[in-house]
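The listed protein sequences correspond, in order, to chains A and B.
One rule links them: number in our numbering = place in the first sequence (from 1) + 114.
One rule links them: number in our numbering = place in the second sequence (from 1) + 16.
For every residue, glycine included, the Cβ atom is placed at its ideal position computed from N, Cα and C.
Because the structure is a prediction, the values reported are computed rather than measured.
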Amino acid sequence: QVQLQESGPGLVKPSGTLSLTCSVSGGSIRSSSYYWGWIRQPPGKGLEWIGIIFYGGNTYYNPSLKSRVSISVDTSKNQFSLKVTSVTAADTAFYYCASHRRDVGSWFVDHWGQGTLITVSS
Amino acid sequence: QTAVTQEPSFSVSPGETVTLTCGLTSGSVSSTSYPSWYQQTPGQAPRTFIYSTNIRSSGVPDRFSGSILGNKAALTITGAQADDESDYYCMLYMGSGIWVFGGGTKLTVL
């Protein structure tokens, strides 16, 4: 059973860079059945898909965030990471890492991290 | 840019059947949209409920079912119970590796 755990600073200054890491346990990040991704949720609001990465490096991003977001993978540590640049208060949210399982005829989020609240404030 | 639509809220009495829908502002939902549904209770991470249109995740009661109704994905609860009261989000595949969530439906059971 794949388990995911987010880590990173809870407070980021405006115009700074938000950096988060997701540690994967119970499975290999090199699995050909998985894409690894990030989803966020501003407090009291809905879910927003940020992007995904395949262990080989292919990335796909939400077009509305693409200019500020990057996702990378570290296969040696079984981790993947998120960076969001030029943050504003609108980037304040719970950030979830999530595994996107892909099989023949299916593709969906099957595991979620517990989420971490990132606040953008001076 | 195409958006995913959901009813903002729905109210149902215990024991009744309710159908939540997930559509597109442009075009139709199909099986290749890989519709999936997620349940979220306050203060918790979302939980995967239904994927690939109609496959229930492990542990999800069989009163929950997924389908395509017309040009939308649908989540039907047959015989709603009090602990079904939650937020429900659908997620659709837009192609080119891009996914979009709907705005979520707040389901009240009373």
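Distance, residue j Cα to residue i Cα
i, j, result
"Met110 (chain B)", "Ala61 (chain B)", "24 angstroms"
"Ser25 (chain B)", "Ser190 (chain A)", "45 angstroms"
"Gly151 (chain A)", "Ser102 (chain B)", "24 angstroms"
"Tyr148 (chain A)", "Tyr169 (chain A)", "8 angstroms"
"Pro51 (chain B)", "Ile71 (chain B)", "10 angstroms"
"Arg63 (chain B)", "Tyr104 (chain B)", "10 angstroms"
"Ser47 (chain B)", "Ser186 (chain A)", "30 angstroms"
"Phe117 (chain B)", "Gly160 (chain A)", "8 angstroms"
"Leu123 (chain B)", "Cys106 (chain B)", "13 angstroms"
"Ser220 (chain A)", "Trp115 (chain B)", "13 angstroms"
"Pro157 (chain A)", "Asp217 (chain A)", "33 angstroms"
"Thr41 (chain B)", "Gly119 (chain B)", "12 angstroms"
"Ala98 (chain B)", "Phe208 (chain A)", "27 angstroms"
"His138 (chain A)", "Ser236 (chain A)", "In the sequence on display, residue 138 (chain A) carries Val and not His. Computed Cα separation, rounded: 31 angstroms."
"Thr199 (chain A)", "Tyr210 (chain A)", "18 angstroms"
"Pro58 (chain B)", "Thr121 (chain B)", "13 angstroms"
"Leu125 (chain A)", "Phe65 (chain B)", "32 angstroms"
"Asp37 (chain B)", "Ile84 (chain B)", "According to the sequence shown, residue 37 (chain B) is Thr rather than Asp. Cα to Cα, Thr37 (chain B) sits roughly 9 angstroms from Ile84 (chain B)."
"Gly171 (chain A)", "Asp188 (chain A)", "10 angstroms"
"Cys136 (chain A)", "Ile153 (chain A)", "12 angstroms"
"Leu231 (chain A)", "Gly113 (chain B)", "26 angstroms"
"Ala212 (chain A)", "Gln56 (chain B)", "15 angstroms"
"Tyr67 (chain B)", "Lys127 (chain A)", "38 angstroms"
"Gln155 (chain A)", "Glu162 (chain A)", "6 angstroms"
"Thr131 (chain A)", "Asn176 (chain A)", "18 angstroms"
"Val183 (chain A)", "Ser74 (chain B)", "33 angstroms"
"Leu179 (chain A)", "Ala204 (chain A)", "12 angstroms"
Anticipated Cβ contact below 8 angstroms, residue i with residue j, distance rounded
i, j, result
"Val76 (chain B)", "Asp100 (chain B)", "Actually they are not in contact, since the Cβ atoms of Val76 (chain B) and Asp100 (chain B) sit about 11 angstroms apart, beyond 8 angstroms."
"Gly140 (chain A)", "Gln119 (chain A)", "Contact doesn't hold; Cβ gap of about 11 angstroms is too wide."
"Gly122 (chain A)", "Ser133 (chain A)", "6 angstroms"
"Arg79 (chain B)", "Thr94 (chain B)", "5 angstroms"
"Gly86 (chain B)", "Trp53 (chain B)", "About 17 angstroms separates the two Cβ atoms, so there is no contact after all."
"Leu108 (chain B)", "Val45 (chain B)", "6 angstroms"
"Gly39 (chain B)", "Thr18 (chain B)", "That pair is no contact at about 10 angstroms."
"Ile167 (chain A)", "Thr173 (chain A)", "5 angstroms"
"Thr233 (chain A)", "Thr206 (chain A)", "5 angstroms"
"Val28 (chain B)", "Ala89 (chain B)", "At roughly 19 angstroms, the Cβ-Cβ gap does not stay under 8 angstroms, so Val28 (chain B) and Ala89 (chain B) are not in contact."
Check: residue i C-beta below 7 angstroms from any heavy atom of the ligand GDP
i, result
"Trp115 (chain B)", "Annotation note on the ligand GDP: not contained in the displayed structure, which lists no ligands."
- Query: Can we say the region 186-194 of chain A touches the region 212-226 of chain A, given the rule of at least three CB pairs closer than 8 angstroms?
  - Reply: By the criterion of at least three beta-carbon pairs nearer than 8 angstroms, the region 186-194 of chain A is not in contact with the region 212-226 of chain A.
- Determine contact between the region 128-144 of chain A and the region 24-44 of chain B, defined as no fewer than three beta-carbon pairs at a distance below 8 angstroms. no
- Taking a cut of 9 angstroms between CB atoms, which residues from the region 101-117 of chain B lie near chain A? Asp103, Tyr105, Met107, Tyr109, Ser112, Gly113, Ile114, Trp115, Val116, Phe117
- Task: Check each residue of the region 218-230 of chain A: if its Cβ is closer than 9 angstroms to any Cβ of chain B, include it; give the result in chain order.
- Result: Gly219, Ser220, Trp221, Phe222, Val223, Asp224, His225, Trp226, Gly227, Gln228, Gly229
- Query: Any residues in the region 59-71 of chain B with a beta carbon nearer than 8 angstroms to a beta carbon of chain A? Which ones, in chain order?
  - Reply: Result list: Ala61, Pro62, Arg63, Thr64, Tyr67, Ser68, Ile71.
- Query: Enumerated in chain order, which unbroken segments of the beta strand (DSSP E) with a length of 3 residues or greater are wholly contained in the region 147-233 of chain A?
  - Reply: Scanning the region 147-233 of chain A from its first residue to its last, the whole beta strand (DSSP E) runs of 3-plus residues come out as 148-155, 162-167, 173-175, 183-188, 193-198, 207-217, 220-226.
- Under 8 angstroms (Cβ pairs) to chain B, residues found in the region 156-169 of chain A: Gly160, Leu161, Glu162, Trp163, Ile166
- What are the complete beta strand (DSSP E) segments, minimum 3 residues, inside the region 41-125 of chain B? 52-56, 63-67, 80-85, 88-94, 103-111, 114-117, 121-125
- Item | Proximal residues, the region 203-216 of chain A versus chain B, C-beta separation under 7 angstroms | Tyr210
- For the region 21-53 of chain B, enumerate the residues whose C-beta is nearer than 7 angstroms to any C-beta of chain A, in chain order. For the region 21-53 of chain B, the set of positions with a beta-carbon nearer than 7 angstroms to some beta-carbon of chain A reads Tyr50, Ser52 in chain order.
- Query: When you check each C-beta in the region 122-154 of chain A against every C-beta of chain B, which residues fall closer than 9 angstroms?
  - Reply: Tyr149, Gly151, Ile153
- Task: Quick one: which residues of the region 82-95 of chain B get their C-beta closer than 7 angstroms to a C-beta of chain A? List them in chain order.
- Result: none
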